[in-house]
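Residue numbers (the UniProt record's numbering), protein chains in the order written: chain G, 1 to 272; chain Z, 1 to 272.
The beta carbon of each residue, even a glycine, is placed where N, CA and C say it ideally should be.
The next block holds one structure in the form of structure tokens; read it before the comments.
There are 2 protein chains.
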Amino acid sequence: MATSYEIALAQMTSVNGDISGNLAKMEAIANECKQKFPDVRLLLFPELCITGYILSETLKDVAQAWDGFIFQRMSRLAQKLQLYIAYGYVEKDDEVNLYNSLILIHPSGQCVGNYRKIHLTPLEKAWFTPGSKPILVDTDLGRIGLMICWDLAFPELARYLAVHGAELLLVPCAWESPFHEPFQKFAMARAIDNTVYVAACNQVGRSFPFYFFGLSSIYGPDGNEIAAANMDDQETIIRAMIDENWRQELKQTFYTMMNERRTDVYKGVEWT
Amino acid sequence: MATSYEIALAQMTSVNGDISGNLAKMEAIANECKQKFPDVRLLLFPELCITGYILSETLKDVAQAWDGFIFQRMSRLAQKLQLYIAYGYVEKDDEVNLYNSLILIHPSGQCVGNYRKIHLTPLEKAWFTPGSKPILVDTDLGRIGLMICWDLAFPELARYLAVHGAELLLVPCAWESPFHEPFQKFAMARAIDNTVYVAACNQVGRSFPFYFFGLSSIYGPDGNEIAAANMDDQETIIRAMIDENWRQELKQTFYTMMNERRTDVYKGVEWT
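Here's what the structure looks like:
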């Protein structure tokens with residue numbers, strides 16, 4: 001297992017409904033990333049980057065099964081570039097339910113994880129079916145937990161993923177202005193609470209009625225920001241090293257919480 | 001019920017083992033607080049402020065039942081000043097178990113809450129028996145949750161208190177250098193995660209082998225710091241307004257998490 005590896009986040013603008021345009025842009029970004037930063041092992045795109053952040057009837061037209069043509073195309077890209085690639089998309093199941101989903105593709109081209117957003121925002125609830133299953137993926141980089149955007153605001157999901165061994169949380173986002181401060185605070189909290197890396201890749205630019213502020217960020221397991229993009233309307237690639245040895249060192253010194261959780265107490269109290 | 005009221009935190013240095021000296025200092029601080037800031041309704045002192053932060057055999061000598069002479073004296077002070085007073089002390093039960101405890105006294109002089117620290121640090125485990133019961137107190141100021149220091153590092157306890165209606169968390173601390181950054185991050189996280197006020201009152205000054213850095217802080221329900229003390233070795237009183245109307249407004253606009261928790265999911269997953 002890799003104890004140290006580089007990841008990249010592609011902060012990008014998606015055009016609503018323009019799947020082929022967005023896919024072409026993602027391919028161009030991935031190619032650029034491979035060329036400029038050949039050591040990157042995993043590339044994360046934002047929430048719903050394939051379709052744009054749409055909350056309308058159009059969703060039904062842009063939804064696909066996880067293994068539809070979008071996956072086929074991204075799978076070929078992952079193989080060609082020998083990269084882990086993760087992206088957000090509108091998923092449709094056999095019963096035509098729609099999900100706000102995140103897929104993780106192995107450099108072999110295989111889908112190794114597909115997560116359906118558990119914590120939908122109030123506006124999203126009108127369109128998406130909520131997921132109900134936390135997803136952990138074992139890779140040759142380590143154990144990776146999958147989350148999406150507003151999931152960051154809930155301590156429970158990240159805690160569950162970390163208790164079950166997640167070392168890095170991938171969190172594609174479409175987080176809108178003026179809420180950049182809570183975005184940063186929630187992402188930081190999930191990192192330090194669980195002594196895990198948090199990679200939050202946000203959309204950037206206007207998508208009426210929203211404006212996505214970018215500020216894609218990677219937090220270390222001590223809650224410190226180790227890489228962050230701008231807020232000035234620009235697409236960009238940010239990168240950071242994930243260092244599992246350092247994370248383990250933190251967990252054995254000051255950040256000993258996982259060994260000190262009072263599960264006897266939590267089991268005994270009513271949460272709801 | 002008060003929808004808006006002022007609280008104060010007494011960042012102080014305690015002398016290890018000098019109960020009468022520490023008590024006299026606390027009385028002086030409380031009197032000063034009442035004189036300078038007559039609108040303050042609740043005054044919080046640090047963790048183990050009565051005895052100093054001791055981890056040695058001395059603990060057995062300085063421990064008391066919750067209603068011992070320390071309580072009697074602080075109870076009279078609360079009545080005289082017509083203040084809620086909260087302070088950390090070493091508690092001894094009938095079986096001579098020792099607890100790292102926090103007591104909350106009503107302006108009538110009655111004890112309205114006594115909390116035994118649930119999350120002991122690795123060093124504390126050798127001396128104290130861990131508590132196992134979250135404590136919520138209904139007051140005419142609102143519902144108050146009690147926590148102590150390292151409890152801040154665990155999302156579960158604050159979540160439990162908030163789910164059960166806590167509006168303000170009182171958190172006396174003896175948090176040592178060089179860990180002021182995680183202190184701030186954890187306190188902030190507990191506030192924004194749960195849309196509650198967090199009042200963290202730290203000791204300041206040397207207590208071999210520790211140095212307590214002060215930096216006592218009050219965070220608003222949006223995770224922003226609304227008052228903070230210095231880190232320059234000084235005793236001080238900081239204050240902030242607790243505004244329940246504003247907190248409710250936040251909970252009904254962006255910070256809607258308490259209504260969106262997926263308790264169906266959390267119930268179904270194994271936490272341990």
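For residue i: DSSP bridge partner residues
{"i": "G:Cys-173", "result": "G:Asn-202"}
{"i": "G:Ala-86", "result": "G:Leu-44, G:Leu-104"}
{"i": "Z:Phe-212", "result": "Z:Glu-176, Z:Gly-205"}
{"i": "Z:Lys-92", "result": "Z:Leu-98"}
{"i": "G:Gln-248", "result": "The partner list for G:Gln-248 (beta bridge, DSSP) is empty, contrary to what the question assumes."}
{"i": "Z:Ser-14", "result": "Per DSSP, none; premise fails for Z:Ser-14."}
{"i": "Z:Glu-6", "result": "Z:Val-40, Z:Met-241"}
{"i": "Z:Tyr-197", "result": "Z:Leu-168"}
Contact set between residue i and chain G, taken where Cβ atoms lie within less than 7 Å
{"i": "Z:Thr-256", "result": "Pro-122"}
{"i": "Z:Pro-134", "result": "Val-269"}
{"i": "Z:Val-265", "result": "Ile-118, Ser-132"}
{"i": "Z:Ala-153", "result": "Met-257"}
{"i": "Z:Glu-91", "result": "What Z:Glu-91 touches in chain G: nothing, since even the nearest Cβ is about 18 Å away."}
{"i": "Z:Phe-213", "result": "Ordered by position in chain G, no residue passes the 7 Å Cβ test against Z:Phe-213, which lies about 14 Å from the chain."}
The beta strand (DSSP E) enclosing residue i, as first and last residue numbers
{"i": "G:Val-163", "result": "Element bounds for G:Val-163: not the beta strand (DSSP E) but the alpha helix (DSSP H), 155-163."}
{"i": "G:Ile-135", "result": "135-139"}
{"i": "Z:Asn-114", "result": "111-116"}
{"i": "G:Glu-225", "result": "225-228"}
{"i": "Z:Leu-146", "result": "142-146"}
{"i": "G:Trp-132", "result": "The sequence shown places Ser at residue 132 of chain G, rather than the Trp named in the question. Element bounds for G:Ser-132: n/a, residue is neither H nor E."}
Neighbourhood of residue i by C-beta distance below 6 Å, restricted to the same chain and skipping five residues each side
{"i": "Z:Ala-63", "result": "Val-90, Lys-92, Leu-98"}
{"i": "G:Thr-236", "result": "Gln-11, Ala-229"}
{"i": "Z:Val-112", "result": "Leu-104, His-106, Val-137"}
{"i": "Z:Ala-200", "result": "Val-171, Cys-173, Ala-187, Ser-217"}
{"i": "G:Phe-183", "result": "Trp-175"}
{"i": "G:Ile-54", "result": "Asn-16"}
{"i": "Z:Ile-29", "result": "Ala-10"}
{"i": "G:Tyr-115", "result": "Leu-102, Ile-135, Leu-146"}
{"i": "G:Ala-153", "result": "Phe-186"}
{"i": "Z:Gly-165", "result": "Arg-143"}
Start and end residues, alpha helix (DSSP H) containing residue i
{"i": "Z:Asp-61", "result": "58-62"}
{"i": "Z:Ile-54", "result": "That residue, Z:Ile-54, is in no alpha helix (DSSP H); it is neither H nor E in DSSP."}
{"i": "G:Ser-217", "result": "First-last for G:Ser-217: 217-219, but that is the beta strand (DSSP E), not the alpha helix (DSSP H)."}
{"i": "G:Cys-33", "result": "19-36"}
{"i": "G:Asp-243", "result": "Counting along the chain, G:Asp-243 falls outside any alpha helix (DSSP H), though it belongs to the beta strand (DSSP E) covering 236-243."}
{"i": "residue 355 of chain G", "result": "Any answer about residue 355 of chain G is impossible in this case: the structure gives chain G only from 1 up to 272."}
{"i": "Z:Ile-70", "result": "69-81"}
{"i": "Z:Glu-260", "result": "257-260"}
Partners in chain G for residue i, counting only beta-carbon separations shorter than 9 Å
{"i": "Z:Phe-186", "result": "Ala-189, Ile-192, Asp-193, Gly-223"}
{"i": "Z:Pro-182", "result": "Ile-192, Asp-222, Gly-223, Phe-254, Tyr-255"}
{"i": "Z:Glu-27", "result": "Those do not exist, as Z:Glu-27 stays about 35 Å from chain G at its closest Cβ, beyond 9 Å."}
Contact set between residue i and chain G, taken where Cβ atoms lie within less than 8 Å
{"i": "Z:Pro-209", "result": "Under the 8 Å cutoff, chain G gives no residues; its nearest Cβ is about 15 Å from Z:Pro-209."}
{"i": "Z:Phe-179", "result": "Phe-254"}
{"i": "Z:Glu-47", "result": "Chain G residues near Z:Glu-47: none, gap ~17 Å exceeds 8 Å."}
Same chain, Cβ closer than 7 Å to residue i, five either side skipped, listed in chain order
{"i": "G:Pro-107", "result": "Ala-78, Gln-79, Gln-82, Leu-83, Tyr-84"}
{"i": "Z:Gly-220", "result": "Ala-191, Tyr-197, Ile-226"}
{"i": "G:Asp-39", "result": "Glu-6"}
{"i": "Z:Gly-131", "result": "Tyr-99, Tyr-115, Arg-116, Lys-117, Ile-118"}
{"i": "Z:Arg-73", "result": "Leu-23"}
Residue i: contacting residues in chain Z (beta-carbon distance under 8 Å)
{"i": "G:Glu-249", "result": "Under the 8 Å cutoff, chain Z gives no residues; its nearest Cβ is about 15 Å from G:Glu-249."}
Contact set for residue i: own chain, Cβ-Cβ below 8 Å, skip 5 residues either direction
{"i": "G:Asp-233", "result": "Val-204, Gly-205, Gly-214"}
{"i": "Z:Thr-195", "result": "Ala-162, Pro-221, Asp-222, Arg-247, Leu-250, Lys-251, Tyr-255, Met-257, Met-258"}
{"i": "G:Glu-32", "result": "Ile-237"}
{"i": "Z:Leu-157", "result": "Ile-118, His-119, Pro-134, Met-147, Asp-151"}
{"i": "G:Phe-37", "result": "Glu-6, Ala-8, Ile-237, Arg-239"}
{"i": "G:Tyr-160", "result": "Pro-134"}
{"i": "Z:Tyr-211", "result": "Glu-176, Ser-177, Gly-205"}
Within chain Z, partners of residue i - CB distance below 7 Å
{"i": "G:Glu-260", "result": "His-119"}
{"i": "G:Glu-176", "result": "Within 7 Å Cβ-Cβ: nothing; G:Glu-176 doesn't reach chain Z, min ~10 Å."}
Under 7 Å from the C-beta of residue i: neighbouring residues of chain C
{"i": "Z:Glu-244", "result": "Given the protein chain composition of this structure (G and Z), no chain C is represented."}
Touching by the beta-carbon criterion (3+ pairs, under 8 Å), the region 175-192 of chain Z and the region 133-145 of chain Z: Segments in contact, no.
Inter-stretch contact (C-beta, 8 Å, three-pair minimum) for the region 180-190 of chain Z and the region 242-250 of chain Z: Output reads no: the region 242-250 of chain Z does not touch the region 180-190 of chain Z.
Contact the region 122-135 of chain Z vs the region 18-27 of chain Z: 3+ CB pairs below 8 Å: No, the region 122-135 of chain Z is not in contact with the region 18-27 of chain Z.
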